[in-house]
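In our numbering, the protein residues as written are 52 to 371. Where a beta carbon is used, it is the ideal one built from N, C-alpha and C, also for glycine. See below for the structure under consideration.
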């Protein structure tokens with residue numbers, strides 16, 4: 052299993068680049084940004100860089116590291132233009148872009164930036180998923196053909212030209228999924244799926260993905276199953292782990308839906324001592340996971356983030 056590093060767009064560009072270079076020096080698989088234009092849970096007016104421009108800079112300033120978004124917000128860009136952007140970036144950085152598409156959800160972005168036009172706000176979940184499905188077909192067509200036409204409900208392309216093509220042939224397309232229909236779309240139409248959350252959420256997602264893969268005549272070994280955990284916590288002692296698990300159990304830990312037991316946290320959440328994390332990540336690998344994208348906490352600045360990532364590489368990744 053490979054590991055990618057999640058970099059928060061709230062960092063300065065210099066800080067983001069420093070973290071990406073550090074991840075590359077540590078031998079990680081890739082660096083990933085989220086595709087938002089305003090902070091998710093903090094002061095909305097804090098500095099926050101646009102992620103496509105930022106990932107282009109990171110790609111140009113690294114050599115081996117793959118780059119991507121976790122996930123690309125489908126409503127942010129016309130999918131045909133996105134295909135052109137991916138192809139351009141691919142040619143600029145030598146073929147290192149990882150495509151992971153998502154449906155979008157953040158009201159502040161839909162309304163603040165009027166992403167759908169005419170003040171529509173946030174589309175229904177069904178429409179967002181329908182749009183992802185069409186976008187996957189458009190990306191697949193344009194990233195593998197110099198000329199492509201498409202007739203859908205939301206987009207109609209007439210002889211769209213995409214030259215040059217991406218450096219990566221048959222470039223992999225994954226989608227980030229949380230609900231049954233998106234899991235099934237990933238299995239039927241995509242090359243991979245990304246699931247965010249603890250082990251129990253990964254297992255639940257696969258309960259939809261696996262039968263859909265079988266129905267589509269695909270094998271799990273050929274499917275790119277990746278995970279995302281932006282709340283991974285690496286504790287230094289068992290006492291810290293116990294205390295953290297108790298706090299998480301009594302609160303609203305991501306992926307648990309509300310208060311739960313300490314035992315559930317310790318069994319499923321990607322938190323704990325190096326030994327505990329090694330055990331849980333081995334279980335994820337046994338499920339078929341090929342890539343885990345992580346943000347390692349606690350870390351409040353670039354220096355601490357680099358130290359924490361180094362510790363994670365030395366005490367967790369190297370043991371797997």
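Legend entry - For residue 207, the three-state DSSP class (helix, strand or coil): Strand.
Legend entry - Pair within 7 Å by beta-carbon distance, residue 275 and residue 242: Yes. Within cutoff.
Inset, instruction - Taking residue 346 as the reference, give the member of 79, 298 and 170 with the closest Cα. - result: When each option's Cα is compared against that of residue 346, the closest is 79.
Legend entry - Residue span of the alpha helix (DSSP H) that contains residue 234, given as start and end: Start and end: 231-240.
Legend entry - Contact set for residue 222: own chain, Cβ-Cβ below 7 Å, skip 5 residues either direction: Excluding its 5 nearest sequence neighbours in each direction, residue 222 has C-beta neighbours in its own chain below 7 Å: 150 and 194, listed in chain order.
Inset, instruction - Provide the residue(s) that pair with residue 53 in DSSP beta bridges, ordered along the chain. - result: Residue 53 is bridged to 342.
Legend entry - Bounding residues of the beta strand (DSSP E) (the contiguous stretch that carries residue 104): Judged by DSSP secondary structure, residue 104 falls outside any beta strand (DSSP E) and instead within the alpha helix (DSSP H) spanning 102-111.
Legend entry - For residue 200, the first and last residue of its enclosing beta strand (DSSP E): Run containing residue 200: 198-202, per the beta strand (DSSP E) assignment.
Inset, instruction - Measure the alpha-carbon distance for residue 192 versus residue 325 and round it to whole angstroms. - result: Put simply, the backbone Cα of residue 192 is about 43 Å away from that of residue 325.
Legend entry - Three-state secondary structure assigned by DSSP to residue 66: Of the three classes helix, strand and coil, the one that applies to residue 66 here is helix, per DSSP.
Inset, instruction - Report all residues from its chain with a CB closer than 8 Å to the CB of residue 264; omit the five preceding and five following residues, and keep chain order. - result: Closer than 8 Å at the Cβ level, and outside the excluded window around residue 264, lie 238, 270, 271 and 274.
Legend entry - C-beta atoms of residue 124 and residue 159 nearer than 7 Å: Using a Cβ distance threshold of 7 Å, residue 124 and residue 159 do not count as a contacting pair.
Inset, instruction - Please check the pair residue 278 and residue 344, which I expect to be a contact at CB under 8 Å, by giving their CB distance rounded to whole angstroms. - result: 7 Å between Cβ atoms; contact.
Inset, instruction - Name the residue from 240, 201 and 359 whose alpha carbon lies nearest to the alpha carbon of residue 74. - result: Out of 240, 201 and 359, 359 has the C-alpha closest to the C-alpha of residue 74.
Legend entry - Close-in-space but distant-in-sequence residues of the same chain around residue 215 (CB under 6 Å, 5 per side omitted): Once the five neighbours on either side are set aside, the close Cβ partners of residue 215 are 142.
Legend entry - Beta-carbon spacing of residue 300, residue 284 below 7 Å: No, Cβ-Cβ distance for residue 300 and residue 284 is not below 7 Å.
Inset, instruction - Inspect the CB distances between the region 323-338 and the region 285-298 and report whether three or more fall short of 8 Å. - result: Yes, they touch.
Inset, instruction - Could you tell me which of 361, 306, 371 and 356 sits nearest to residue 66, measuring between CA atoms? - result: Measuring C-alpha to C-alpha distances from residue 66 to each of 361, 306, 371 and 356 identifies 356 as the nearest.
Inset, instruction - Decide if the region 157-171 is in contact with the region 84-102; the criterion is three or more beta carbon pairs, one per stretch, under 8 Å apart. - result: Yes, the region 157-171 touches the region 84-102.
Legend entry - Beta-carbon proximity check, residue 180 vs residue 233, cutoff 7 Å: The Cβ atoms of residue 180 and residue 233 lie closer than 7 Å to each other.
Legend entry - Under 7 Å between C-beta atoms of residue 252 and residue 306: Contact: yes.
Legend entry - Limits of the beta strand (DSSP E) - the one that residue 154 falls within: Taken as a continuous stretch (DSSP letters only), residue 154 belongs to no beta strand (DSSP E), as it is neither H nor E.
Legend entry - Neighbourhood of residue 334 by C-beta distance below 8 Å, restricted to the same chain and skipping five residues each side: Within the same chain, residue 334 has close Cβ partners 250.
Inset, instruction - Tell me whether residue 308 is buried or exposed, calling it buried when 16 or more other Cβ atoms sit within 10 Å of its Cβ. - result: Classification of residue 308: exposed, given that the 10 Å Cβ count is below 16.
Inset, instruction - Would you kindly check if the distance between the Cβ of residue 131 and the Cβ of residue 212 is under 7 Å? - result: The beta carbons of residue 212 and residue 131 sit no closer together than 7 Å.
Legend entry - CB of residue 54 within 7 Å of CB of residue 83, strictly: Cβ distance not < 7 Å, so residue 54 and residue 83 don't count as in contact.
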